[in-house]
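*Asks:*
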Amino acid sequence: MITICVMCAGILVGKFFFSERFKKGNELLQTICTALLIFAMGVTLGQKEDLLDNLLSLGLDSLLFFAIPTAASILIVIFLTRNFPGAGKGKKNVKNREDKAL
Numbered sequence: 122m123i124t125i126c127v128m129c130a131g132i133l134v135g136k137f138f139f140s141e142r143f144k145k146g147n148e149l150l151q152t153i154c155t156a157l158l159i160f161a162m163g164v165t166l167g168q169k170e171d172l173l174d175n176l177l178s179l180g181l182d183s184l185l186f187f188a189i190p191t192a193a194s195i196l197i198v199i200f201l202t203r204n205f206p207g208a209g210k211g212k213k214n215v216k217n218r219e220d221k222a223l
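Residue numbers 122 to 223, in my numbering, belong to the letters of the sequence shown in order.
(1) Does DSSP put K169 in a helix, a strand or coil?
(2) Within the continuous alpha helix (DSSP H) that includes F137, where are the two ends?
(3) Taking 8 angstroms as the cut-off, decide whether the C-beta atoms of L172 and L166 are in contact.
See the structure below:
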């Protein structure tokens, strides 16, 4: 919950209080923080004595964390495109009418 609150605070600060001129510095700061986060995760994993024994389990967990959201996203898109086939075609129809007019 704290993570979501911090994220929302960051969005609000970025939207209302952060100048466009600080964009490059902010991107650099994000890259550095991401690298530190990955490093800290590696240190935490490296401290575990049974890491090699649990490596297969970690790999399977990672696969599931990737596969389940991906499959769910694909199924939701298929469901929405079958149940709402005309949604999003308004712009294409306008463009096709403009092409026919020429």
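No residue lacks a Cβ here, since even glycine has one placed at the ideal position from N, Cα and C.
*Replies:* The structure says:
(1) Here residue 169 refers to the residue found at position 48 of the sequence shown. In the structure shown, K169 sits in coil (DSSP, three-state: anything other than H, G, I, E or B).
(2) Position 16 of the sequence shown, counted from the first residue, corresponds to residue 137. F137 -> alpha helix (DSSP H) spans 123-137.
(3) Here residue 172 refers to the residue found at position 51 when the sequence shown is read from its first residue. Here residue 166 refers to the residue found at position 45 when the sequence shown is read from its first residue. Yes, the pair counts as a contact, with Cβ atoms nearer than the cut-off.
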